[in-house]
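**Q** Residue numbers (the working numbering): 160 to 462.
C-beta: ideal position from N, C-alpha, C; glycine also.
Note that this is a predicted model, so its numbers are computed, not measured.
1. Any idea if residue 160 is buried or exposed, counting beta-carbon neighbours within 10 angstroms, 16 or more meaning buried?
2. May I ask you to list the residues that DSSP assigns as paired with residue 321?
3. Given that a residue counts as buried once 16 or more other Cβ atoms are within 10 Å of its Cβ, and exposed if not, what is residue 251?
4. Quick one: using the 10 Å Cβ neighbour count with 16 as the cut-off for buried, is residue 449 buried or exposed?
5. With C-beta atoms as the reference, is residue 414 less than 8 Å away from residue 440?
6. Roughly how many whole angstroms lie between the Cα atoms of residue 224 and residue 312?
7. For a quick check, are the C-beta atoms of residue 331 and residue 304 less than 8 Å apart?
8. Within 10 angstroms of the Cβ of residue 347, are there 16 or more other Cβ atoms? Answer buried if so, exposed if not.
9. So, does the CB of residue 300 fall closer than 8 Å to a CB anywhere in chain B?
10. Less than 8 Å between the beta carbons of residue 227 and residue 263, yes or no?
11. Hey, quick one: how far does the beta strand (DSSP E) through residue 264 stretch, first residue to last?
12. Can you say whether residue 429 is buried or exposed, counting buried as having 16 or more other CB atoms within 10 angstroms of its CB?
13. What are the complete beta strand (DSSP E) segments, minimum 3 residues, inside the segment 182-256?
14. Whole angstroms is fine: what's the gap from residue 195's alpha carbon to residue 291's?
15. Measure the CB-CB distance between residue 233 and residue 220 and report whether it falls below 8 Å.
16. Between which two residues does the beta strand (DSSP E) carrying residue 170 extend?
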C-alpha cells in the first residue's frame with residue numbers, strides 16, 4: 160500500500176460540460192472548476208462518476224483531467240477517474256499520470272464480474288502505472304473484510320471510497336483494515352453523501368464527496384462547517400435541502416448526474432445535458448430542483 164493522499168474538507172466532483180455539438184467543452188469546464196475552487200474544496204475528482212467517465216472516450220477523459228490539472232494549478236489534489244475494461248482503465252491511469260494528476264479513483268470494471276483474485280489483478284495492473292489508487296466500492300464491487308485487506312496490500316492502493324452505503328459492512332471493513340495496519344483514506348461516496356454523513360461520522364469516516372458542491376458550493380460548505388459545531392443547521396439543511404434533493408434524485412435512473420448538470424445550468428453555467436443513456440430532468444423536476452436550490456441557499460449563514 161502507498162501513502163494516503165492528503166484529502167480534506169469537501170471533495171469536488173465536477174461535471175463534464177459539452178458544447179452545442181455534444182463535444183467536451185474544456186473552456187466551460189475551466190469556468191466550472193474556477194467557480195468551485197473559489198469555495199475551497201479539499202480535492203478535485205475529474206472525469207469520475209458525476210463527470211460521466213462511462214460516457215467519455217479515452218481522449219476525452221484525458222482532456223478533462225488535463226484541464227482540471229491546469230485550472231487547479233497545484234492548489235488541491237486532482238484525482239482522475241479510471242475504470243471499465245482493463246485496457247481502458249490502464250489508458251485512463253497513464254493519461255492521468257501524463258497530465259500531472261495526483262491519483263486515480265478506480266471505478267469497478269463494467270459488466271464483467273470475476274473472482275476476488277481477478278479483482279486484485281485488475282487493481283494491481285492499474286496501480287503499477289504509478290499513481291496512488293483509491294478503490295471504489297459500488298455496483299459489482301462489494302467487498303468482504305478479507306477482500307478489502309488483500310486489496311489494500313496491493314502496492315499503490317491508498318484510499319477507499321464507499322458508494323454502497325452498508326454501514327455494517329463498512330465498519331467491519333475498516334476494523335479489518337486497521338487491524339492489518341492499512342493506513343487508507345476512507346470517504347463516503349454515496350450520490351448525495353451529506354444525507355448519510357451523521358451515520359458515517361459515527362464509524363469514524365469524516366471525509367465525503369459532494370455532488371451538491373457542483374451547483375451550490377455555498378450550501379455544501381455551510382453543511383460541512385455545521386457538522387463540527389452547529390447540529391441545528393445540519394438538521395435544517397438535511398430536512399429542507401438534502402432530503403428533498405434525494406427524493407427528487409430517486410425519481411429517475413441517472414438523475415444523480417443529470418440533476419447535477421441541471422443545477423449547474425440553473426446557477427448560470429450552460430454545461431449541456433448528460434449523454435445518453437442518461438436523460439434530462441422533466442420540466443416538473445426542473446422546477447422542483449429550482450425550489451430546492453432556493454431553499455438551500457436561504458439557509459446559508461451570512462458571511
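**A** Taking the geometry as given:
1. Here residue 160 refers to the residue found at position 1 when the chain shown is read from its first residue. At residue 160 the pLDDT is 49, less than 50, meaning the model places this residue with poor confidence; the figure from the coordinates comes in the next sentence. Buried: at least 16 other Cβ atoms inside 10 Å.
2. Locating residue 321 in the chain shown gives position 162, where the first residue counts as 1. DSSP, once it has assigned bridges, lists 296, 347 as partnering residue 321.
3. Here residue 251 refers to the residue found at position 92 of the chain shown. Buried, because 16 or more other Cβ atoms sit within 10 Å of the Cβ of residue 251.
4. Stepping through the chain shown from its first residue, residue 449 is reached at position 290. Counting Cβ neighbours within 10 Å, residue 449 comes out exposed, since fewer than 16 surround it.
5. Counting from 1 along the chain shown, the entry for residue 414 is found at position 255. Counting from 1 along the chain shown, the entry for residue 440 is found at position 281. One thing to note: residue 414 has its Cβ within 8 Å of the Cβ of residue 440.
6. As a working note, residue 224 is residue 65 in the chain shown. As a working note, residue 312 is residue 153 in the chain shown. So the alpha carbons of these two residues sit roughly 27 Å apart.
7. Translated into positions along the chain shown, residue 331 becomes position 172. Translated into positions along the chain shown, residue 304 becomes position 145. Their beta carbons are under 8 Å apart, which means residue 331 touches residue 304 by this criterion.
8. By 1-based counting over the chain shown, the position of residue 347 is 188. Residue 347 should be labelled buried.
9. Within the model displayed, chain B is absent; a lone protein chain is all it includes.
10. As a first step, residue 227 is located in the chain shown; it is residue number 68 there, counting from the start. As a first step, residue 263 is located in the chain shown; it is residue number 104 there, counting from the start. Cβ distance not < 8 Å, so residue 227 and residue 263 don't count as in contact.
11. In the chain shown, the residue the question calls residue 264 occupies position 105. Counting along the chain, residue 264 sits inside the beta strand (DSSP E) bounded by residues 262-265.
12. Mapped onto the chain shown, residue 429 falls at position 270. Burial call: exposed.
13. Complete beta strand (DSSP E) runs here, min 3: 202-205, 237-241.
14. Here residue 195 is taken as the residue at index 36 of the chain shown, counted from 1. Here residue 291 is taken as the residue at index 132 of the chain shown, counted from 1. If you take the alpha carbons of residue 195 and residue 291, they lie about 24 Å apart.
15. Residue numbering aside, residue 233 sits at position 74 when the chain shown is read from its first letter. Residue numbering aside, residue 220 sits at position 61 when the chain shown is read from its first letter. Cβ atoms of residue 233 and residue 220: not closer than 8 Å.
16. Taking the first residue of the chain shown as 1, we reach residue 170 at position 11. Unbroken beta strand (DSSP E) run through residue 170: 169-171.
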